[in-house]
Each structure stands twice: as structure tokens, then as C-alpha cells.
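Participant:
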Amino acid sequence: MRSLAPWLAGAVALAALPVFAPNSFFLHVAILILMWTLLGAAWNVLGGFAGQVSFGHAALFGIGAYVTMILYLKAGVSPWWGIPVGGLVAALASLPIGLVCFRLRGPYFSLATLAVAEIVKLVALNWEAVTNGPVGFLITGLPPLRVFGLAVDWESKLPFYVVAALLALAGLASTAWLRTSRLGAYLVAIRENEDAAEAVGIDTVRAKVMTLALSAFLAGMGGGFYAFYFRYVDPDAVLNISLSMEMVFIAMVGGLGTVGGPLIGAIFLTTVGETVRERFQVGHLIFYGLFMMLAIRYMPEGIWGRARKLFSSLQARVLGHGAA
Amino acid sequence: MRTFVTSIFALLAVLSSSPALAQPLRIGAPQPMTGPDAPFGDKFKKAYGMAIEEINAAGGVNGRKLEIVIEDHQAKNALAATVTEKLITQEKVLVLTGGRASGQAMEIASISQRLKTPYLVDHPSADMITAKGFEWVFRNNPTGSIYPAAFNDFISTYPGAMPKSAAVVYDNTLFGKTIGAAVMKQLKAKGVAIVADEAYPVNTLDFKPIMTKVKGTNPDYLLLVAVSTTDAILLTRHAKEIGIRPRAFVGFGGGFGVADMATQLGPLAQNVFSSAAWSGNPNDPKVKAFYAKFHKQFGIWPHEHEVEGYSIIYIIADALKRAKLTGNLDADRDAVRKALLATDMTTVFGKVKFGNWAGPLGDMYTNQNIYSPEHSVMAQWKGGQLLNVWPKSNAETGLTFPDPLALK
Amino acid sequence: METFAQSLTSGVLTGALYAMIGIGLTVVFGVMRIINLAHGEMVMLGMFGAFWGQALWKLDPFLSLVLWVPLMFLGGMLLYRLLLRKIIPGGELNTLLYTAGLSLLIANLALFFWTGDYRTINLSYGQEPVRPFGISIAVPLAVAFVVALAITGALWLFLSRTDMGRAIRATSQNGEAAILMGVDVERVAMITFGLGTALAGAAGVLLAPSLYLYPTVGELLIVKCFVIVVLGGLGSVPGAIAGGILLGVVESLGAVYVSSTYKDGIGFVLFLAVLLYRPSGLFGVGK
């Protein structure tokens, strides 16, 4: 970590946002952005740093979502405990997945992860005793909780916003830690040239499996948060291939292998998605596709590099706007 | 870069503009306007629009106009939740309807319950939606497990119709499994042997292998369940091509009742039964007038979706007329909910009155139309037209049974 | 026995069409090392081509190949020249995502102009399936199978007998060596992409009479397509053929003898198993 200043600024901005939020829908969009930041960060750890492009992260997300849901509905474990447990189970599940898929490289690895995700989805659809099959699980109410002596209002957005913000920060902090750690250095070596990395004595499989576990932990917590916030989990919703792709897009548009990239990617894609959907009821995905193509054509390295400049100018404008 | 800045500002502008209490009474409807379910969203849009036009032309509701706000959820649950939030908090709608598929409807129901906004379900059929004790959620259409009621009645009362054996092929979605389970439970209770019990993944490209297996069991009845139109069409096509010759082909699910069945299958659709697609009593003059008007305006004959969408607006208008609206959104929404509880009327869909009662699979329903068990009908494809044949009170023509192909 | 023969036959017939979709993807991968996520949409365009040909000009869907294949070939070359060429140097992942964006764009443009309605093509002939030895074979599927064989044969002749074909194979086997040998890689890439697009379009035209079509059908096809090309080995044409037929047969037999619910799962498990024992596929050409 070069300096704590950006982190502090980010934390202050996050804390201030709900105060200035004009309404609950604004907070809802903010929560979605934070959830996607976490998921983008989860994918980025593996895809951005280790160069292992996974198309199957929906499986890890889904495992986290199901574990959180099942623990709450069948064992009475509150979701705020269920979320980290969901992350842990996803991390455990990632070990055999990693041992199988990491025997493959490049596009073969990517497609193998896709197959794993499809298999997990089929299991969730058909293993009715555990997953309730296509019916899925619904939470109708959350257990009472008191924080600092105050009862938490689960009907408001604020508690979810706080949890999402903490999770997103955890995702970004893990990335920052990874960047400066020895493991991170190994991963960059693997990304640049896997054979060479092996030749200098790096246990590449071990490094990749550990990274996948970290990535799975974050993605699993993202899934747990989804279950906790949206309160309904079924295979189509949490194990869909489009989730895996969305995570790739966010990490990619934001900037691969960077710390802040996923945040930028999440803000960008969520805002663009909402705005075009607002304007064009039927053809909005045309613009989304076009936008992705333009972003990759003209900003192939992601937008994190330019994000700072943009951020400061945006801040100036927002502040100026507020004063006027 | 400009795009980004502009879109952020556009979003902020949209988010922060809280419109003053609008004059028209607003109804929100999350529907799939893009994505794989887009054709269904379009059907509802037409039906809602026609009903609203009629009501507004006749002076609106207590002098105020109705307005529908449709938001696209692309058949994705998370997006359904997002647009529901938006309709309730941004668009300030009084009441919600729509949803189309059960997964998205679950999210809408869950949020409506929390944000205390009435949600009147017009089409999604999963039992769970009205079986969770949500007092803000109402449903006009029958639940999935009620869909086979007319079929059940047919085999019990029509002379010689009781199956000797049945093959059941259903998709492994919420809809398919619910109906498959309800049908098999009822058949087993009557002592009918289930010779094949096959679940398939939705959007299967080739049903021939499954149909080959089914053919080997030589079923007396072939019962097909499909949530997707394409599956319904291919199931029928492949079953016939493989040469299965049961006494009756019975399809459950909307796909078997849409015009595509006839246009795309041609003669292969002949004599296939469609159980479930209740679209009002076609012998009722008011229903006939609606059919004719809809056909004149849009060039297509309305079916279950259009009838449901059109009727729901009338049920909402009726409740809004009786509700005492004050201009306070929270109080008004509760007033609408209370008005819905007292609903007792007839639309082109049929009679409606909401109540709490137990369904065929043992679920306890809340605010489910108490006339639902009557809203099940068996229709049959004849010469490219789907005509109601059972129960007799709703029949438009006599039925063809057994299938002439079985006699060859 | 009859059940076995029937499911084997359906498996081989659908498998051959799967193979057609896979060949286009694998040829492009071989030369350019890119996985074209918009490949499914190109198949979709071929399907709609067949549909509109029949709806507007009463063109027989199979005959319309003569029109659509050259058009798709040109379209593919233009797409490469105008859009993809600048993206490919940015790396594998960028190209992958770029084609993902392209796939969204094409599918949603189609949705916008043609609506999401499901359509099928009805042939004036072949309503009744033919029944050699008591096995039911749908006529459209049988015709598509024969045409697919012919196209594959022509492709094989092109790749083995013409200079351009040899250049494509050389680039596919060893890009750097091909450059040293004086192959104009840029031109080879453009023609290969055109070829891949044309093959996808042809597969679409052939599939259309047996399947339904709608603008987002590509999503459904692309995943199967991945399984096929990886089974066979990315970049290998014989591999894609073997992979397609293998998948068709395994799905078909699996649905009958194992479980129709896990039909798609059987394909994926097979896929993983092959990858583990032969990481570069059955006919793999290098890593």
C-alpha cells in the first residue's frame, strides 16, 4: 500500500454517501455497485493477477448464496454469519475445482471452468433434498439484531449498504494485499510466462490454487450477500452463466490486475446499464454491447489509469453542482 | 469520457427528480421487454394498453386517468428486484402487476410485501407466490397445481377416458415440476400406472431420444409439460415424428396454447389437447366482443396472456374506484390493498374474489382467487384453431377422442 | 434394440450439425488464437437468413445456402478488416470480451428488428419422416446431414489442395514459421475469419428447418459449441467433427439410458474427463 490517503478518502466517501442519498433507489443502485465491486475484485484476483480467465465464477457465487440461505432456513444461522461461512464453503469447493481445472492452460482452462459451472447448476436444479430444486429458497424475514444498542431496521437500505460497503472494501483490500505479497509476485510471474515461473522453482499449481481459494472466498461472500439482500435464491438467478460473464466485464473494463479497477468497472457498467435501460426500453442492450466494444477498442488497458483524473474532475463538478 | 460523465449526470438527474404527485393513477408492471421472454412482455403491453385506453376513454377512475409504467426486467431476478424498487420508490406507483415468470414474480412479491405496495399477480403461476402469507400479494390466475383440474375432471367423467397408463414428460423448472407433480399425484390416486417419468432441461434442442424411450413404454396417454413455447412445439413435433400413438396428447403450459403451435406445426398440431390455458369462457358474449375487438386492433387473437393482462387492469380499476385516496402514498396503497380484499366482480377472465384457502398440494394460499379451480379448461387444436372442449359448460365444440392416429 | 438404433441415429444426425457449428469456431481459433463469442450469433444470422429467404422470396431454405454463404463470407471478412484487426494485438482476453460485446450487439439488434418471436421453417416437403428399418428420420435433418457432409468435404479439399488452404493450415500449425515462409498472415486471417463466419452461417441455414429460431438462440448454441471444439482439440477440424458427433451420440444415448435431466451434464462430464486425460483434446494441435 503506497499510501493510506486514497483508502481514507474512499471510506469517507462511502460513509457520506447514504447521508446525501436522495432516496432509497439511489442507495439500491449503490448497493448493487458495491456488490459488483466485490465480485469484480474476486474475479480480478485470479483473472487479473494470475492471468487465469475463469468463466465459471457463477458456481462459486451460487455456492455462497445457497450456503447462506440453507444455513439460515434450516439451521437458523443468521445471514451475517452465513455470508463468511458461505465464502469459506466456496473456498473449500474451489480446491477440487482448482486441482482439476488447473491441469489445463489458457482457453482450455477457461472452458473447463465454464463446464464446472454448468455442472454445479445442474446439480442445484436436481438435488432437491438440499437445494429445493428449481423452487429455490425464499426468506420472508430477517432475525432481529441490535448494534450498539440500536435495533437494525431490515426494511431500510442502510444496513445492507453498510454490509455491502464492508464487503467491497474487504475485496479491494485483499487485492491490495495480494499486490504487495510474495504470492502476488509469483502470480505475475505465472501470468507473464508460466513455464519460466516453474523453471525458477515456483510451485505454480499451489500458487494458483491458493489464489483461486481467495477468489472463491470473495465470490462466495458476494453470493451470500445476494441471498441476504434479494432474499430469494434459485438456480437460474445465482448460477447463471451471465453472472460469470458480468464479473469478467467489470474487472476488464475497470482495468485488469489493478486494485481500484473493479470499483470503477462496477460503477461504470451499472450506471451505463441503468441509464440506457431508462432511455430505450427495447433496444438498450444494443448500446450496452456497443459500449463494451468501444471501451475495449479505445481503452484496452481498462479505465483505472484515467479514473483518477476523472475522479477528481468529477468530484470538483459534483461539489460545484452541490454549491450551486 | 464524455459518455461516462453524461451518463452519471443523466442518472443523477433521473434519480433525484422526485415528480410531484402526478395526476394520473399509476400502475407499475415489471415485464420482460427484451431477452428470451420478450414476446410475452409484448403481449401484456398490448393488453394493458387496450384496457387502459378503454377506461380512460370512459372518463377514467373517479375522474382521474390511469397510467401504466412498464419496466423491463429481461427475465432476470435481480433486475426484477431493481425495477420493482424503482417503480415503488421512484415512479411512485400505487399498485403493481405483471412479472411474467415465477422467479421474477417471487422477487416482486417479496419487495412489495416489504415496501407495502399491493401486487396483483396476473400470470405467474408458482404456488409459492401466494403460499407465503404475503398479505400485500393477490393473484387472479390459477396456481400451477390447479392447472390440471379440467384434465382431471375429463378423465373421471368422460366415458372410457380413464387412462390405462400415462407417460409424463416435464421440464425441470419450477413450473414444469409443480404441474408434473400435481398431475402424477392425481393419476396415481386413481390407480393409473405412470410408465415414464421424464424431466428435461428447458430449451432442449432434440427430444427424439426422450421420445424414443417413451415410445418403448407404449403409453395410453402422453402428458407433456412445457413452460417454454419452443419446448412445447418441439416436444409435439418429435413425439409425432418418432411415431408415438397414444389415445391422447395432452399439453400443459402456455406454450401449447399459443398460435405458434398451429402456424409452426401445421397438421402435427391436430387434435393435441392443451390443458390450462384458461382464457375466459368463449361462449360469453362479453368475452367474444373482447376477442373481436382485440383482433381488430392488433391482428392477433388474444389468448391466456392477453386476457389476463386485460382483466387485471379492470380489477385494479375497480379497486381504485372503491379505495378512498387521500394523496398520501402510503395510506393510498393500504387503501388499495383493503379495496382489493373486498373485490367481487367478473372480468373477461372470469369471476374474481380473493380469499385464503388450501390448494391441491396442501399449500395454504393467501389472497388467491377463490374461483381458481373453475379456471381450468381443456382445449383442443382443430384445423389450426384452439377450441375449448372441456368442461362442457365452456365447450366451443365437441372433442375428438381417442386420437384418430391411435386407431390406425 | 430399436430404441438403441433410433437414439444412435438421432445422435449422429444432430451431432453432424453440432460439428458444422464447431468447425467454424475451431478454424478461426487455429489461425488467430481467438475464441469468437459471437459465433453463436452468426449461426443465428444464418438461421434467420433461411427464414427470411423462405418468408419473403419463397426460397427453399437449403437452396438459400448459395445466397447466404458467400454473403456471410464477405461479412466475416469485413468484420475482421474493420473491427477485429485492431483488437487482436491487445491480447486474448480483450478479443474475447470484444466478441462478447459484439454478440450482445448482434443479438439485440436482431431482437430489435425482428422481435423476440419464436419462428420455425416449414418445408413443403418432408412433413412425414422417412422410416428405413423402422427408424424415424426427419427429412429436414437428413437433408441437412447430407449437405453438411458435402460442405465438410469441400472444406477439406480447399484446405488440402489450394494454396490459400495450405497457408491457413500452415499458419494454424505454426504462425511464426508461416510468416518466415512468406505467408501473408494478415490476408490469411481475414479469409479465415470469413470462412469461419460462412461456416457458422451455413450451419445456421441447415439447422433452421429442424429447430426453432429466435434472436437469442446463439446463447444456447455457443456453450455446446465450446464443448465440441474442446473435445476435439481447439484448432482441429477433424477434432470438431469427431467432437460434434461424439457429443450428439452421448447426449442422445445418455438421455435414454442414464437420465434426461442430466443429459447436458453428461456432455460436460465427458468434456472434463477428456480434458484431464488429453488436455489438448482428442485431436489436439499443441497447447
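Protein chains in written order, with our numbering: chain E, 1057 to 1380; chain H, 101 to 508; chain Z, 624 to 910. Just so it is clear, CB atoms sit at the ideal spot from N, CA and C, and this is done for glycine as well.
Who are the neighbours of H/E298 on chain E, taking C-beta pairs under 7 Å?
Facilitator: In chain order: nothing, as chain E lies at least about 13 Å away.
Participant: What residues of chain H sit near E/H1084, judged by a beta carbon separation below 7 Å?
Facilitator: T182 and E185
Participant: Within 8 Å of any Cβ in chain H, is that where the Cβ of Z/V692 sits?
Facilitator: no
Participant: According to DSSP, is H/S116 helix, strand or coil?
Facilitator: Per-residue confidence for H/S116 stands at a pLDDT of 45, beneath the threshold of 50, marking its modelled position as unreliable; the derived number appears in the next sentence. H/S116: helix per DSSP, three-state reduction.
Participant: Going straight from the alpha carbon of E/I1153 to that of H/L425, what length do you get?
Facilitator: 58 Å
Participant: Which bits of chain H does Z/S630 rub up against, with CB to CB less than 7 Å?
Facilitator: P309 and T312
Participant: How many whole angstroms separate the CB atoms of H/I229 and H/S202, which I take to be in contact at a CB cut-off of 8 Å?
Facilitator: 7 Å
Participant: Taking only runs of the alpha helix (DSSP H) that begin and end inside the segment 1254–1323 of chain E, which ones reach a length of at least 4 residues, in chain order?
Facilitator: 1260–1286, 1291–1294 and 1297–1310
Participant: Return the chain-ordered list of same chain residues with a C-beta closer than 7 Å to the C-beta of H/L121, the five sequence neighbours on each side being excluded.
Facilitator: Note that H/L121 scores a pLDDT of 41, beneath 50, so its modelled location is shaky; the value from the coordinates is reported in the next line. The residues are G427.
Participant: Thinking C-alpha only, which one of E/S1134, E/F1216, E/L1341 and E/A1171 is nearest E/F1286?
Facilitator: E/F1216
Participant: Report back the beta-carbon spacing between Z/A826 and Z/V666 to the nearest angstrom; my notes put them in contact at under 8 Å.
Facilitator: 5 Å
Participant: Can you pull the chain E neighbours of H/T273, defined as C-beta to C-beta under 7 Å?
Facilitator: P1190
Participant: If you follow the alpha helix (DSSP H) that H/W378 is in, where does it begin and where does it stop?
Facilitator: Element bounds for H/W378: n/a, residue is neither H nor E.
Participant: Starting from E/A1293, find everything on chain H with Cβ-Cβ shorter than 8 Å and list it in chain order.
Facilitator: Result: K176, N177, A178 and G203.
Participant: Kindly indicate the opening and closing residues of the beta strand (DSSP E) around E/A1077.
Facilitator: Unbroken run through E/A1077: none, as it is neither H nor E.
Participant: For the ligand SAH, is there any heavy atom lying closer than 7 Å to the beta carbon of H/F144?
Facilitator: Absence of the ligand SAH is noted for the structure shown, with no ligands found whatsoever.
Participant: Relative to the C-alpha of H/Y471, which residue among H/G455, H/W481, H/G343 and H/T497 is closest?
Facilitator: H/Y471 has its Cα closest to that of H/G455, out of H/G455, H/W481, H/G343 and H/T497.
Participant: For the putative contact between H/T184 and H/A226, defined by C-beta atoms under 8 Å, what is the C-beta separation to the nearest angstrom?
Facilitator: Not confirmed; about 17 Å, so no contact.
Participant: Give the secondary structure of H/Q286 by DSSP, where H, G and I count as helix, E and B as strand, and everything else as coil.
Facilitator: helix
Participant: In angstroms, rounded to a whole number, what distance separates the CA positions of Z/G798 and Z/M804?
Facilitator: 10 Å
Participant: Are the C-beta atoms of H/L486 and some chain A residue less than 8 Å apart?
Facilitator: This model lacks chain A altogether, as its protein chains are E, H and Z.
Participant: Look at the Cβ atom of H/F349, then the Cβ atom of H/A339, and state whether they are nearer than 8 Å.
Facilitator: yes
Participant: Going residue by residue through the segment 327–378 of chain H, where are the continuous beta strand (DSSP E) segments of at least 3 residues, counting only ones entirely within it?
Facilitator: 348–352 and 373–375
Participant: Taking Z/L725 as the reference, which of E/V1068, E/F1343, E/Q1371 and E/A1147 has the closest Cα?
Facilitator: E/F1343
Participant: Please state the DSSP three-state secondary structure of H/K482.
Facilitator: strand
Participant: Output needed for H/L196: all residues of its chain with C-beta closer than 8 Å, excluding positions within five of it in sequence on either side, in chain order.
Facilitator: I127, G128, A129, P130, T184, L187, I188, I208, S212, T217, P218, Y219 and L220
Participant: Using only the alpha-carbon positions, how far apart do H/R368 and E/L1148 sit?
Facilitator: Before going further, note that residue 368 of chain H is Leu rather than Arg in the sequence given. Taking the Cα positions, H/L368 is about 51 Å away from E/L1148.
Participant: Enumerate in chain order the residues of its own chain whose CB-to-CB distance from E/L1319 is below 6 Å, with the five nearest sequence positions on each side excluded.
Facilitator: T1093
Participant: Report the neighbours of H/M206 on chain E: residues whose CB is nearer than 7 Å to its CB, in chain order.
Facilitator: Simply L1194 and Y1288.
Participant: Below 8 Å between beta carbons: does that hold for H/A479 and H/S374?
Facilitator: yes
Participant: With distances taken from CA atoms, which of E/A1067, E/L1116, E/A1106 and E/L1268 is nearest E/I1297?
Facilitator: E/L1116
Participant: Quick check: the Cα distance between E/G1378 and E/P1074, rounded to an integer number of angstroms?
Facilitator: Low confidence applies to E/G1378: its pLDDT is 45, below 50, so where it sits in the model is not reliable enough to give any reading.
Participant: Since Z/V651 and Z/T815 are thought to touch, with beta carbons under 8 Å apart, how far apart are those beta carbons, to the nearest angstrom?
Facilitator: A Cβ-Cβ distance of about 6 Å is found for the pair Z/V651 and Z/T815, placing them in contact under the 8 Å criterion.
Participant: For Z/G724, return the contacting residues in chain E, with the cut-off set at a CB-CB distance below 9 Å.
Facilitator: F1305, Y1344, G1345, L1346, F1347, M1348, M1349, L1350, A1351 and I1352
Participant: For E/P1200, I'd like the list of residues in its chain whose CB is within less than 8 Å of its CB, leaving aside the five on either flank, ordered along the chain.
Facilitator: A1207 and V1208
Participant: To be precise: take each residue of the segment 340–351 of chain H, compare its Cβ to all Cβ atoms of chain Z, and keep it if any distance is under 7 Å. Which residues remain?
Facilitator: The residues in question are E341, I342 and G343.
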